Each structure stands twice: as C-alpha cells, then as structure tokens.
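**Q** Line order of the protein sequences matches chains A and B. The first sequence begins at 43 in my numbering and counts up one residue at a time. The second sequence begins at 3 in my numbering and counts up one residue at a time. For every residue, glycine included, the Cβ atom is placed at its ideal position computed from N, Cα and C. These figures come from a predicted structure and were not determined experimentally. Pasting a structure here, questions to come.
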Amino acid sequence: GQQLNQSPQSMFIQEGEDVSMNCTSSSIFNTWLWYKQDPGEGPVLLIALYKAGELTSNGRLTAQFGITRKDSFLNISASIPSDVGIYFCAGPLNFGNEKLTFGTGTRLTIIP
Amino acid sequence: GAGVSQSPRYKVAKRGQDVALRCDPISGHVSLFWYQQALGQGPEFLTYFQNEAQLDKSGLPSDRFFAERPEGSVSTLKIQRTQQEDSAVYLCASSRVVGEQFFGPGTRLTVL
Numbered sequence: 043g044q045q046l047n048q049s050p051q052s053m054f055i056q057e058g059e060d061v062s063m064n065c066t067s068s069s070i071f072n073t074w075l076w077y078k079q080d081p082g083e084g085p086v087l088l089i090a091l092y093k094a095g096e097l098t099s100n101g102r103l104t105a106q107f108g109i110t111r112k113d114s115f116l117n118i119s120a121s122i123p124s125d126v127g128i129y130f131c132a133g134p135l136n137f138g139n140e141k142l143t144f145g146t147g148t149r150l151t152i153i154p
Numbered sequence: 003g004a005g006v007s008q009s010p011r012y013k014v015a016k017r018g019q020d021v022a023l024r025c026d027p028i029s030g031h032v033s034l035f036w037y038q039q040a041l042g043q044g045p046e047f048l049t050y051f052q053n054e055a056q057l058d059k060s061g062l063p064s065d066r067f068f069a070e071r072p073e074g075s076v077s078t079l080k081i082q083r084t085q086q087e088d089s090a091v092y093l094c095a096s097s098r099v100v101g102e103q104f105f106g107p108g109t110r111l112t113v114l
C-alpha cells in the first residue's frame with residue numbers, strides 16, 4: 043500500500059498564482075522524485091532529488107529534499123494552464139531496490 | 003531519442019481471456035519496470051528487470067501475472083484468465099540511472 047502521503051489532495055487556483063505541495067513519509071527515503079501525469083498519459087519526471095537538504099529548480103518548478111529525509115515539497119511559480127494535472131512524489135523505499143513507491147497525488151486545477 | 007513505447011494503448015478483453023502487453027524501453031536503459039495504476043490512484047509496483055534478469059516480482063498480484071524480458075530489451079507482461087479486477091492502466095518505465103524512471107503512455111486494460 044501507499045506509504046507516501048501528499049497534501050493537499052487537490053488544489054483550485056487561478057492562473058498566475060504560486061502553488062505549493064508536499065509529500066511526507068514515516069520512512070526514510072534516499073531519493074525523491076516528482077512526476078506530473080496528464081489524463082491518458084504516463085507520469086513525466088519533473089525533478090529528481092538525491093541529497094538531504096538539496097534544493098533543485100527546473101524552470102518555474104522548485105523542489106526540496108527534506109533534511110529529515112522523510113519529506114519533500116514542490117513549488118510551482120506563476121502557474122499557467124498547462125500546469126493542470128496530477129502531481130506525484132515517488133521514491134525507492136528500500137535501499138538497493140529500484141522499485142518506486144508513489145504518493146497519493148495532488149490534483150491541480152486552474153480556475154478560469 | 004524515442005521515449006518508452008507501449009502497445010496496445012487500449013485493450014478490451016472478455017473475462018477469462020489471456021492478454022499480452024508490450025513495452026519497448028528507451029534504447030540503452032538497463033532497468034525496466036512494470037506498474038499497475040487503478041483509477042484515481044498512484045502507480046503500484048508489479049515487477050522489474052535488470053537486463054534480462056527479473057530481480058523483483060513481489061508486486062505481481064497473482065500467479066496469473068507473468069512478465070519476461072528475454073533479450074534484455076523489449077518486455078511483455080502477460081495476464082492469464084483475466085478477471086474484472088485486472089482492469090487498470092499498466093505502465094512500463096525504464097531507467098539508466100538509479101531513481102530516474104521514464105514512463106511510457108500505458109496500456110488501459112478493460113476486462114468485461
């Protein structure tokens with residue numbers, strides 16, 4: 043079952059607003075990944091984090107690897123319509139095993 | 003280069019029918035993964051390969067599910083005697099670097 047909790051579950055924002063979402067776990071992760079999934083498509087990798095405390099940006103996206111290694115957040119600045127979708131955090135739960143555990147997802151909707 | 007491709011994109015099967023889902027990973031990617039995604043949920047791990055070796059199949063729900071990657075490239079996920087609860091999107095991912103998995107568009111399986 044899921045071991046990564048994401049919040050909020052859904053967000054309704056206006057275009058141009060900044061967005062913040064996070065992911066928490068009761069277990070330690072050594073890698074955090076953030077994916078975006080559009081309807082009918084597979085998840086697309088946005089940002090990968092490998093070190094506790096690491097802050098990484100990809101355009102308007104910024105993600106941080108929590109210092110406790112049990113959480114991560116993703117920020118989106120100046121949202122645009124194509125940001126709509128479901129955002130998942132994910133990571134390999136067990137060291138040495140590459141299989142990913144995914145979070146529960148945050149659904150982002152932009153209100154016209 | 004080309005991303006991960008999957009075929010068919012959609013499959014409708016009658017209960018009890020066998021199905022085979024194909025995944026073509028990104029060229030040169032050593033690791034290949036299969037995930038199952040139920041509606042409104044995050045992907046759940048099924049199995050993964052490193053080259054032709056199946057290193058973890060702990061996520062396969064029953065012995066009706068079987069995956070192979072005989073030459074370390076293309077992989078096939080086979081489901082025998084399909085049941086309605088097998089209806090889901092089946093996602094394939096490949097990776098060259100531990101952690102960064104790139105997903106295909108998925109195969110949506112509907113069992114009637």
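Could you work out which residue in A:P154, A:P123, A:W74 and A:S124 is closest to A94 (chain A) when comparing CA atoms only?
**A** A:W74
**Q** Which full runs of the beta strand (DSSP E) of 3+ residues lie inside the segment 26-111 of chain B, going along the chain?
**A** 33-39, 46-52, 55-58, 67-70, 77-81 and 90-97
**Q** Counting only Cβ pairs nearer than 9 Å, list the residues of chain B close to T73 (chain A).
**A** V100, G101 and E102
**Q** Which one of B:G108, B:E102, B:V21 and B:P107 has the shortest CA to CA distance from S33 (chain B)?
**A** Here the closest residue by C-alpha is B:E102.
**Q** Decide if the segment 74-82 of chain B is in contact with the segment 19-27 of chain B; the criterion is three or more beta carbon pairs, one per stretch, under 8 Å apart.
**A** Output reads yes: the segment 19-27 of chain B touches the segment 74-82 of chain B.
**Q** Do I118 (chain A) and D80 (chain A) have their CB atoms nearer than 9 Å?
**A** no
**Q** What are the boundary residues of the beta strand (DSSP E) that S99 (chain A) is part of?
**A** L97 to N100
**Q** Are the Cβ atoms of Q48 (chain A) and S68 (chain A) separated by less than 9 Å?
**A** Not in contact: Q48 (chain A) and S68 (chain A) (Cβ atoms no closer than 9 Å).
**Q** Should Y12 (chain B) be labelled buried (16 or more other beta-carbon atoms within 10 Å of its own) or exposed?
**A** With fewer than 16 other Cβ atoms from the protein chains shown falling within 10 Å of its own Cβ, Y12 (chain B) counts as exposed.
**Q** Would DSSP call D125 (chain A) helix, strand or coil?
**A** Helix, per DSSP.
**Q** Considering only C-alpha positions, which residue in the set A:K78, A:L116 and A:P85 is nearest to L91 (chain A)?
**A** A:L116
**Q** How many whole angstroms separate the CB atoms of N150 (chain A) and T143 (chain A), which I take to be in contact at a CB cut-off of 8 Å?
**A** Note that residue 150 (chain A) corresponds to Leu in the displayed sequence, not to Asn. That pair is no contact at about 21 Å.
**Q** Indicate whether at least one CB of chain B lies closer than 9 Å to the CB of K141 (chain A).
**A** yes
**Q** Compare the beta carbon distance of S77 (chain B) and F51 (chain B) with 9 Å and say whether it is the shorter of the two.
**A** yes
**Q** With DSSP as the reference, label K93 (chain A) as helix, strand or coil.
**A** coil
**Q** Rank B:S97, B:R66, B:F35 and B:L114 by C-alpha distance to the C-alpha of S89 (chain B) and give the top, closest one.
**A** Of the candidates B:S97, B:R66, B:F35 and B:L114, the one whose C-alpha sits nearest the C-alpha of S89 (chain B) is B:L114.
**Q** Nearest-angstrom Cα distance between I109 (chain A) and A15 (chain B)?
**A** Approximately 47 Å between the Cα atoms of the pair.
**Q** Any idea what DSSP makes of R24 (chain B), helix, strand or coil?
**A** strand
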